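When you line the sequence shown up against the working numbering, it's residues 31 to 175, in that order. Where is the CB? At the ideal position from N, CA and C, for every residue including glycine. All values derive from a computational prediction rather than experimental measurement. Everything below concerns the one structure shown next.
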Amino acid sequence: MPSPNSLFRLVYQSQAISPFPAAELETLLRKARTHNQAHHLTGLLLYGEEQFLQVLEGANPALEELYGRIQRDPRHTQVRTLSYLPISTRAFPDWRMGYAVVGPAELKQTTGFLPLAQSPGFAAHPPAELWELLRGFARGVAADG
Ligand SMILES: Cc1cc2nc3c(=O)[nH]c(=O)nc-3n(C[C@H](O)[C@H](O)[C@H](O)COP(=O)(O)O)c2cc1C
Numbered sequence: 031m032p033s034p035n036s037l038f039r040l041v042y043q044s045q046a047i048s049p050f051p052a053a054e055l056e057t058l059l060r061k062a063r064t065h066n067q068a069h070h071l072t073g074l075l076l077y078g079e080e081q082f083l084q085v086l087e088g089a090n091p092a093l094e095e096l097y098g099r100i101q102r103d104p105r106h107t108q109v110r111t112l113s114y115l116p117i118s119t120r121a122f123p124d125w126r127m128g129y130a131v132v133g134p135a136e137l138k139q140t141t142g143f144l145p146l147a148q149s150p151g152f153a154a155h156p157p158a159e160l161w162e163l164l165r166g167f168a169r170g171v172a173a174d175g
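Written as structure tokens, this is what we have:
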């Protein structure tokens with residue numbers, strides 16, 4: 031049995047209700063980073079094609095609480111858990127919330143997912159493969175700015 035302090039890594043994908051203006055994303059990120067830092071949550075947020083893909087790493091109950099709030103957030107819908115697994119070390123230890131806006135080609139390359147509306151329930155990559163793609167992508171594009 032994992033101890034209550036075990037680390038988990040959660041990856042989910044969701045569909046924005048409407049295009050997210052840059053200023054709104056910045057406000058979201060500012061609040062998210064403050065919260066995440068206080069609760070030792072790290073990760074990466076990608077946005078493109080009105081879709082979000084987020085990796086969150088941390089311990090419970092902080093991770094579950096945040097994911098509950100994210101799932102209820104009216105700014106997006108079709109929140110789909112892609113992977114939720116215990117981990118021994120963080121892949122984003124220094125990232126309060128890395129962030130990148132990605133284009134269609136990058137999004138497809140990164141996730142292998144078709145837009146959710148076209149492919150409900152469809153995930154082209156198994157989690158391990160998805161994770162490798164994300165890590166490679168994060169090294170190349172995202173910035174912890
Ligand atoms: C795609 C997406 C990702 C989010 N990521 C985070 C996050 O990493 N940390 C965070 O505190 N809030 C994040 N939020 C915001 C939360 O959903 C929520 O608005 C925030 O935690 C405040 O919750 P409250 O209004 O219930 O107090 C995210 C929202 C969206 C739409």
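I'd like to confirm the pairing. Which residues does DSSP put opposite residue i in its beta bridges?
i: His106; result: Ala46
i: Gln81; result: Gln45, Gly78
i: Thr111; result: Tyr42
i: Glu87; result: Arg39, Thr72
i: Pro116; result: Phe38
Would a C-beta distance cut-off of 8 Å place residue i and residue j closer than the cut-off?
i: Leu115; j: Arg39; result: yes
i: Ala52; j: His106; result: no
i: Leu59; j: Ala92; result: no
i: Met127; j: Gly78; result: no
What does the alpha-carbon distance come out to for the pair residue i and residue j?
i: Phe50; j: Gly88; result: 26 Å
i: Val57; j: Leu75; result: Residue identity check: residue 57 is Thr in the sequence provided, not Val. Cα to Cα, the separation comes out at about 14 Å.
i: Glu80; j: Gln108; result: 12 Å
i: Val132; j: His65; result: 24 Å
i: Gln67; j: Ala121; result: 15 Å
i: Tyr42; j: Leu86; result: 9 Å
i: Leu55; j: Pro104; result: 14 Å
i: His69; j: Glu95; result: 10 Å
i: Phe82; j: Tyr129; result: 11 Å
i: Pro123; j: Leu37; result: 12 Å
i: Lys61; j: Asn90; result: 20 Å
i: Gln101; j: Ser113; result: 15 Å
i: Ser48; j: Tyr97; result: 21 Å
How should residue i be labelled, buried or exposed, when 16 other C-beta atoms within 10 angstroms of its C-beta is the threshold for buried?
i: Ser118; result: exposed
i: Thr111; result: exposed
i: Ser44; result: buried
i: Gln84; result: buried
i: Arg99; result: exposed
I'd like to know if residue i contacts chain B, where contact means its C-beta is closer than 8 Å to some C-beta of that chain.
i: Tyr114; result: Included in the structure is just one protein chain, with no chain B present.
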